[in-house]
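Quick note: the sequence shown, position 4, residue 3 per numbering that gives the first Met the number 0, numbers continuous.
Notes follow the structure.
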Amino acid sequence: MEKITSFTIDHIRLQPGVYVSRRDKVGAETVTTFDLRMTSPNEEPVMNTAEVHTIEHLGATFLRNDPAFKDKTIYFGPMGCRTGFYLLLAGDYSSRDILPLVQKMYEFIRDYQDEVPGASPKDCGNYLDMNLPMANFLAKRYLEQVLYKIDDSRLNYPA
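Below you can see the structure in the form of structure tokens.
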């Protein structure tokens with residue numbers, strides 16, 4: 000059986016960044032999958048499920064309300080390894096193309112102080128597993144350490 004593309008990336012050299020993971024054709028449309036890598040795989044502790052869950056709720060809410068991207072957002076959710084998130088957008092985009100969107104989303108998460116959208120037993124299957132202060136902290140860290148000073152080494156997978 001062939002390895003899937005995401006398992007061919009060198010996770011020893013991979014650093015936090017914004018990467019194009021893949022581009023797929025769905026009919027005539029291109030779907031671009033982004034790897035929003037927040038922690039350094041196998042070097043740093045992974046994120047706990049509560050903050051990952053909170054970032055997922057806030058990020059999905061932000062994206063599906065963004066005037067320019069709400070109709071292009073297909074999916075936003077966590078990686079199983081808990082080192083980042085996948086963002087799937089309808090369209091053919093580069094990492095640099097979506098930097099302003101990703102920065103705005105993480106600023107929204109960093110600054111969010113209200114009830115987490117969808118964090119109720121009626122709306123979510125695990126609504127108690129939330130940690131807003133840690134989600135705020137991790138968004139701030141990703142912005143300051145990666146997104147605000149990003150260069151090509153954090154926009155393209157290591158060779």
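We put the beta carbon where it would ideally sit given N, CA and C, even for glycine.
Check your understanding: With distances taken from CA atoms, which of 16, 88, 29 and 10 is nearest residue 152?
Key -> Residue mapping note: residue 152 aligns to position 153 of the sequence shown, counting from 1. Checking every option, the nearest Cα to that of residue 152 belongs to 16.
Practice item. Select from 98, 125 and 90 the residue whose C-alpha is nearest the C-alpha of residue 26. Key: The residue labelled residue 26 in the question sits at position 27 within the sequence shown. Residue 90 is the option with its Cα nearest to residue 26.
Exercise for review: Please find out if some non-hydrogen atom of the ligand GTP comes closer than 8 Å to the beta-carbon of residue 22.
Suggested key: The model depicted lacks the ligand GTP and carries no ligand whatsoever.
Practice item. Would you kindly check if the distance between the Cβ of residue 8 and the Cβ of residue 156 is under 9 Å? Key: One-based indexing of the sequence shown puts residue 156 at position 157. One-based indexing of the sequence shown puts residue 8 at position 9. For residue 156 and residue 8, yes; Cβs fall inside 9 Å.
Point to revise | Inter-residue CB distance, residue 49 and residue 122 (contact presumed, cutoff 8 Å) | key: By 1-based counting over the sequence shown, the position of residue 49 is 50. By 1-based counting over the sequence shown, the position of residue 122 is 123. Actually they do not touch by this definition, with Cβ atoms about 17 Å apart.
Check your understanding: In terms of DSSP beta bridges, what is residue 49 paired with?
Key -> To locate residue 49, count along the sequence shown from 1; it is residue 50. Residue 49 pairs with nothing; no bridge assigned.
Point to revise | Three-way DSSP call (helix, strand, coil) for residue 90 in this model | key: Numbered from its first residue, the sequence shown carries residue 90 at position 91. If DSSP states are grouped into helix, strand and coil, residue 90 belongs with coil.
**Study point:** Cβ-based neighbour list, residue 69, same chain, cut-off 8 Å, excluding 5 preceding and 5 following
**Key:** As a first step, residue 69 is located in the sequence shown; it is residue number 70 there, counting from the start. Correct list, in chain order: 62 and 63.
Practice item. With distances taken Cα to Cα, identify the nearest neighbour of residue 78 among 137, 130 and 38. Key: As a working note, residue 78 is residue 79 in the sequence shown. Ranking 137, 130 and 38 by Cα distance to residue 78 puts 38 first.
Practice item. Report yes if the CB atom of residue 51 is closer than 9 Å to the CB atom of residue 87, and no otherwise. Key: The residue labelled residue 51 in the question sits at position 52 within the sequence shown. The residue labelled residue 87 in the question sits at position 88 within the sequence shown. For residue 51 and residue 87, no; Cβs fall outside 9 Å.
Practice item. Could you pull the start and end residues of the alpha helix (DSSP H) that residue 141 belongs to? Key: Counting from 1 along the sequence shown, the entry for residue 141 is found at position 142. Its alpha helix (DSSP H) spans residues 131 to 144.
Point to revise | residue 26 (DSSP reduced to helix, strand or coil) | key: Along the sequence shown, read from residue 1 onward, the residue named residue 26 stands at position 27. In this structure, residue 26 counts as coil in the three-state DSSP scheme.
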